[in-house]
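These notes are about the structure you will find just below.
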Amino acid sequence: MQVQYILELLGTGFFAISGALVANQKSKPDWFGVTFIGFITSIGGGSIRDMLLGVYPLVWVKDPNFIYAIIIGIGLSSIFFKSLLKLRKTFFLFDSLGIAMFTIIGTEKAMQHHVSPVIAAIMGMFSAVMGGVLRDVLTNEVPVIFRKEIYATACLAGAIAYLLLDHFGADKNICMFVPIGLILAIRIVAVKFDLSLPKFTKEA
Amino acid sequence: MQVQYILELLGTGFFAISGALVANQKSKPDWFGVTFIGFITSIGGGSIRDMLLGVYPLVWVKDPNFIYAIIIGIGLSSIFFKSLLKLRKTFFLFDSLGIAMFTIIGTEKAMQHHVSPVIAAIMGMFSAVMGGVLRDVLTNEVPVIFRKEIYATACLAGAIAYLLLDHFGADKNICMFVPIGLILAIRIVAVKFDLSLPKFTKEA
Amino acid sequence: MQVQYILELLGTGFFAISGALVANQKSKPDWFGVTFIGFITSIGGGSIRDMLLGVYPLVWVKDPNFIYAIIIGIGLSSIFFKSLLKLRKTFFLFDSLGIAMFTIIGTEKAMQHHVSPVIAAIMGMFSAVMGGVLRDVLTNEVPVIFRKEIYATACLAGAIAYLLLDHFGADKNICMFVPIGLILAIRIVAVKFDLSLPKFTKEA
Chain C
-3 MQVQYILELL GTGFFAISGA LVANQKSKPD WFGVTFIGFI TSIGGGSIRD MLLGVYPLVW
57 VKDPNFIYAI IIGIGLSSIF FKSLLKLRKT FFLFDSLGIA MFTIIGTEKA MQHHVSPVIA
117 AIMGMFSAVM GGVLRDVLTN EVPVIFRKEI YATACLAGAI AYLLLDHFGA DKNICMFVPI
177 GLILAIRIVA VKFDLSLPKF TKEA
Chain W
-3 MQVQYILELL GTGFFAISGA LVANQKSKPD WFGVTFIGFI TSIGGGSIRD MLLGVYPLVW
57 VKDPNFIYAI IIGIGLSSIF FKSLLKLRKT FFLFDSLGIA MFTIIGTEKA MQHHVSPVIA
117 AIMGMFSAVM GGVLRDVLTN EVPVIFRKEI YATACLAGAI AYLLLDHFGA DKNICMFVPI
177 GLILAIRIVA VKFDLSLPKF TKEA
Chain H
-3 MQVQYILELL GTGFFAISGA LVANQKSKPD WFGVTFIGFI TSIGGGSIRD MLLGVYPLVW
57 VKDPNFIYAI IIGIGLSSIF FKSLLKLRKT FFLFDSLGIA MFTIIGTEKA MQHHVSPVIA
117 AIMGMFSAVM GGVLRDVLTN EVPVIFRKEI YATACLAGAI AYLLLDHFGA DKNICMFVPI
177 GLILAIRIVA VKFDLSLPKF TKEA
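Residue numbers (this note's numbering), protein chains in the order written: chain C, -3 to 200; chain W, -3 to 200; chain H, -3 to 200.
The following block contains the structure:
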């Protein structure tokens, strides 16, 4: 539990960095705007999951450490702004690690509230991607899930892997780390080979 | 109850088709994007209603059949894509039938939670139109309720008719089918004669 | 309590006027569109606060007087449309008074649900600005909090002032009116001297 808590705080801080960097590319917002977007990006996915499940209080409402993790993340992204932008590859790895972790944590949380596996997989994927969707809606962008190479689909695949492993009684650590590895692998392969899902219609 | 359940599943599947067709016109999304938009379009209105009322669990969270209805709807809209686009008139009829049905179901559900009639009418209208509003916000369109000919207003009128009939003790079937007919009639007349509500200001 | 209730109703009606005027500048919507936007602008912030806290029923769901206040506000903004647009300075004062009042009421409500002060301050600020954010997202504008001179930050400062005064046992009225004065003062000074927060990055 302790480890999961630290991972969640780290993930939250990292998502704030990710939100700050993305927000800054386009609209050159002020400090408040960047912090607000970082906040929405990091807590949006989990909040939507819990509000859909009716699970209260929300994690960050109960525990202000998540707010502090976000503020620290924003501070770091200001101090190391240029280095962070240069480290694009590392950044991509961290972002993928972040969504992978949030997917599995979210799927697990949903299962604890006795929903069916198909709903748990959706909730896991929502935990990972909805923060980014809110960020994009607020900054008038086309949401990431509609433009990126295989992104939310990788989360769905990881959530399903988690549920299968859990169903067949695999070890707790295997349930956690195999799906995270799978999401990472799908993301890396998709970006490296520029793969994307087939279009819905062919006449495009 | 059984009939209402089947109608809700059918309505959900149909809204997914409607969402998929609309989504596809503009942004040519991949399969995941189309499914996601179909999902948001069909469950968005009811979810917003229940989250505003604090009624948990949400219908589709409790019952994965709604997810399967959406997936079947998306599958059908891929297979019959060209035919569906050709059937614009039929399509318009189905869409109007869909919002009419969702309005009445939503108004009834809100009344079961002992809100005042004015709130029940708003909740009925939200059930019908908010899925489309979410869809439009996510795809960066001006929401349907701001551009279309008499749309949400028809739902409001239907909800009010339902509440009046119910208040004066009309038969259950009359309470259901007269308002659905009214919404259909308003929509058909509005589109046929290109009617719209007066603008808020005159100097436009 | 009676005074706070009347202030809330007045604030709600005024926010509806504000929403109607802003909505009208761009998209020239019809009567339904204006009413819908006025509605979202006035009840959006408080609803998001209560949905994040899990506090049900929402104020306007329980008490339709808030709906009537909005309808009256929209009616007044239609009748006095030209006068209202001319009174820009008065309008700015009313808008600032509105967000100041909503901030303090929101912060107080959050404290009543035993959240930590940092969360209460965020909830107070959300109460004041999230209605405008929803309005801007729905009308495809860049949300007000990303473009305006010091706006949400003034609310945050007011919320913190409220929490400090309350913590040190200041008189109820002082807790209420000093922060409202502070928010007003920050807004007036910021607009008069065209002040804004520093940009997040310097190379812009």
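Just so it is clear, CB atoms sit at the ideal spot from N, CA and C, and this is done for glycine as well.
Everything numeric in this text was worked out from a predicted model, so none of it was measured.
> Under a Cβ-count criterion, where at least 16 other Cβ atoms within 10 Å of its own Cβ denotes burial, should Y1 (chain W) be classed as buried or exposed?
Replying inline: Position 5 of the second sequence, counted from the first residue, corresponds to residue 1 (chain W). Looking at its Cβ environment, which holds fewer than 16 other Cβ atoms inside 10 Å, Y1 (chain W) is exposed.
> F164 (chain H): buried (16+ other C-beta within 10 angstroms of its C-beta) or exposed?
Replying inline: Numbered from 1 along the third sequence, position 168 holds the residue referred to as residue 164 (chain H). A residue is called buried when at least 16 other Cβ atoms come within 10 angstroms of its Cβ; F164 (chain H) does not meet this threshold and is exposed.
> So, L17 (chain W) versus S73 (chain W), is the Cβ gap smaller than 8 Å?
Replying inline: If you number the second sequence from 1, residue 17 (chain W) lands on position 21. If you number the second sequence from 1, residue 73 (chain W) lands on position 77. Judged by beta-carbon spacing, S73 (chain W) lies within the 8 Å limit of L17 (chain W), meaning their Cβ atoms are closer than that value.
>> I believe A157 (chain C) touches L180 (chain C) by the beta-carbon criterion, under 8 Å. Please report the beta-carbon distance rounded to the nearest angstrom.
In response: On the first sequence, position 161 is the one that residue 157 (chain C) refers to. On the first sequence, position 184 is the one that residue 180 (chain C) refers to. Rounded to whole angstroms, the Cβ separation of A157 (chain C) and L180 (chain C) is 12 Å, and the two are not in contact under 8 Å.
> What number of angstroms, rounded off, separates the C-alpha of R45 (chain H) from the C-alpha of F88 (chain H)?
Replying inline: In the third sequence, counting from the first residue as 1, residue 45 (chain H) sits at position 49. In the third sequence, counting from the first residue as 1, residue 88 (chain H) sits at position 92. Approximately 24 Å between the Cα atoms of the pair.
> Got a sec: is the Cβ-Cβ distance from S14 (chain H) to anything in chain C below 8 Å?
Replying inline: In the third sequence, residue 14 (chain H) corresponds to position 18, counting from 1. So no, S14 (chain H) is outside the interface.
> What's the gap between the Cα of H276 (chain W) and the Cα of G71 (chain W)?
Replying inline: Beyond the ends of chain W as shown, which are -3 and 200, falls residue 276 (chain W); an answer cannot be given.
> Does the separation of the CB atoms of A186 (chain W) and T99 (chain W) fall below 8 Å?
Replying inline: Here residue 186 (chain W) refers to the residue found at position 190 of the second sequence. Here residue 99 (chain W) refers to the residue found at position 103 of the second sequence. No, Cβ-Cβ distance for A186 (chain W) and T99 (chain W) is not below 8 Å.
>> Using a Cβ-based criterion (distance less than 7 Å to any ligand heavy atom), does I63 (chain H) qualify as near the ligand ATP?
In response: What this structure holds is no ligand at all, so the ligand ATP is not there to describe.
>> Mapping the DSSP letters down to three states, classify L6 (chain W) as helix, strand or coil.
In response: For this step, residue 6 (chain W) is matched to residue 10 along the second sequence. Residue state, collapsed to three classes: helix.
> Helix, strand or coil: which one does DSSP assign to K24 (chain C)?
Replying inline: What you label residue 24 (chain C) is simply residue 28 of the first sequence in a count that begins at 1. When DSSP states are grouped into helix, strand and coil, K24 (chain C) belongs to the coil group.
>> I'd like to confirm the pairing. Which residues does DSSP put opposite K195 (chain C) in its beta bridges?
In response: Position 199 of the first sequence, counting from 1, holds the residue named residue 195 (chain C). Per DSSP, W:D26.
> Would a C-beta distance cut-off of 8 Å place F11 (chain C) and G127 (chain C) closer than the cut-off?
Replying inline: Looking up residue 11 (chain C) in the first sequence gives position 15. Looking up residue 127 (chain C) in the first sequence gives position 131. Taking 8 Å as the Cβ cut-off, F11 (chain C) and G127 (chain C) qualify as a contacting pair.
> Between G202 (chain C) and I13 (chain C), is the Cβ-Cβ spacing less than 8 Å?
Replying inline: Only positions -3 to 200 of chain C appear in this structure, which leaves residue 202 (chain C) out of reach.
> Rounded to a whole number of angstroms, what is the C-alpha to C-alpha distance between D91 (chain W) and D162 (chain W)?
Replying inline: Your numbering for residue 91 (chain W) matches position 95 in the second sequence. Your numbering for residue 162 (chain W) matches position 166 in the second sequence. Linking D91 (chain W) to D162 (chain W) through their CA atoms gives a straight-line distance of about 25 Å.
> Would a C-beta distance cut-off of 8 Å place G9 (chain C) and A96 (chain C) closer than the cut-off?
Replying inline: The residue given as residue 9 (chain C) occupies position 13 in the first sequence. The residue given as residue 96 (chain C) occupies position 100 in the first sequence. For G9 (chain C) and A96 (chain C), no; Cβs fall outside 8 Å.
> Quick one: which chain W residues come within Cβ less than 9 Å of K82 (chain H)?
Replying inline: Sequence index remark: in the third sequence, residue 82 (chain H) carries index 86 (1-based). Correct list: empty, because the minimum Cβ distance to chain W is about 14 Å.
>> Below 8 Å on C-beta distance, what does F76 (chain C) contact in chain H?
In response: Position 80 of the first sequence, counting from 1, holds the residue named residue 76 (chain C). One finds nothing in chain H with a Cβ atom closer than 8 Å to the Cβ of F76 (chain C); even the nearest lies about 12 Å away.
> Quick one, are the C-beta atoms of I146 (chain C) and L191 (chain C) less than 8 Å apart?
Replying inline: Counted from its first residue, the first sequence places residue 146 (chain C) at position 150. Counted from its first residue, the first sequence places residue 191 (chain C) at position 195. Contact: yes.
>> Give me the chain H residues within the contact set of L54 (chain C), using Cβ-Cβ distance strictly less than 9 Å, ordered along the chain.
In response: As a first step, residue 54 (chain C) must be located in the first sequence, where it is residue number 58. Per Cβ cutoff of 9 Å: L48, L49 and G50.
> Between the region 25 to 38 of chain H and chain W, which residues of the former have a C-beta closer than 9 Å to a C-beta of the latter?
Replying inline: Within the region 25 to 38 of chain H, those residues whose Cβ lies closer than 9 Å to any Cβ of chain W are, in chain order, P25, D26, W27, F28, G29, V30, T31, F32, I33 and F35.
> Any Cβ of chain C within less than 8 Å of the Cβ of S43 (chain W)?
Replying inline: Your numbering for residue 43 (chain W) matches position 47 in the second sequence. With respect to chain C, the C-beta atom of S43 (chain W) has a partner C-beta closer than 8 Å.
> Can you name the start and end residues of the alpha helix (DSSP H) that T135 (chain C) belongs to?
Replying inline: Residue numbering aside, residue 135 (chain C) sits at position 139 when the first sequence is read from its first letter. Taken as a continuous stretch (DSSP letters only), T135 (chain C) belongs to no alpha helix (DSSP H), as it is neither H nor E.
>> Less than 6 Å between C-beta atoms, sequence neighbours within five positions excluded: which residues of the same chain meet that for G249 (chain W)?
In response: There is simply no residue 249 (chain W) to check, as chain W begins at -3 and stops at 200 in what is shown.
> Helix or strand or just coil, what does DSSP make of L83 (chain C)?
Replying inline: Position 87 of the first sequence, counted from the first residue, corresponds to residue 83 (chain C). In the structure shown, L83 (chain C) sits in coil (DSSP, three-state: anything other than H, G, I, E or B).
>> Could you compute how far the alpha carbon of V30 (chain H) sits from the alpha carbon of G15 (chain H)?
In response: Position 34 of the third sequence, counting from 1, holds the residue named residue 30 (chain H). Position 19 of the third sequence, counting from 1, holds the residue named residue 15 (chain H). So the two alpha carbons sit approximately 8 Å from each other.
> In the region 127 to 147 of chain W, which residues sit with their C-beta less than 7 Å from some C-beta in chain C, listed in chain order?
Replying inline: For the region 127 to 147 of chain W, residues whose beta-carbon sits nearer than 7 Å to a beta-carbon of chain C comprise V133, L134 and N136.
> What residue range is occupied by the uninterrupted alpha helix (DSSP H) comprising L159 (chain H)?
Replying inline: Mapped onto the third sequence, residue 159 (chain H) falls at position 163. DSSP places L159 (chain H) inside the alpha helix (DSSP H), whose first and last residues are A148 to H163.
> Of the choices W:F28, W:K82, W:L160 and W:A150, whose alpha-carbon is the least far from that of I184 (chain W)?
Replying inline: As a position in the second sequence, residue 184 (chain W) is number 188, starting the count at 1. The residue among W:F28, W:K82, W:L160 and W:A150 with its C-alpha nearest the C-alpha of I184 (chain W) is W:A150.
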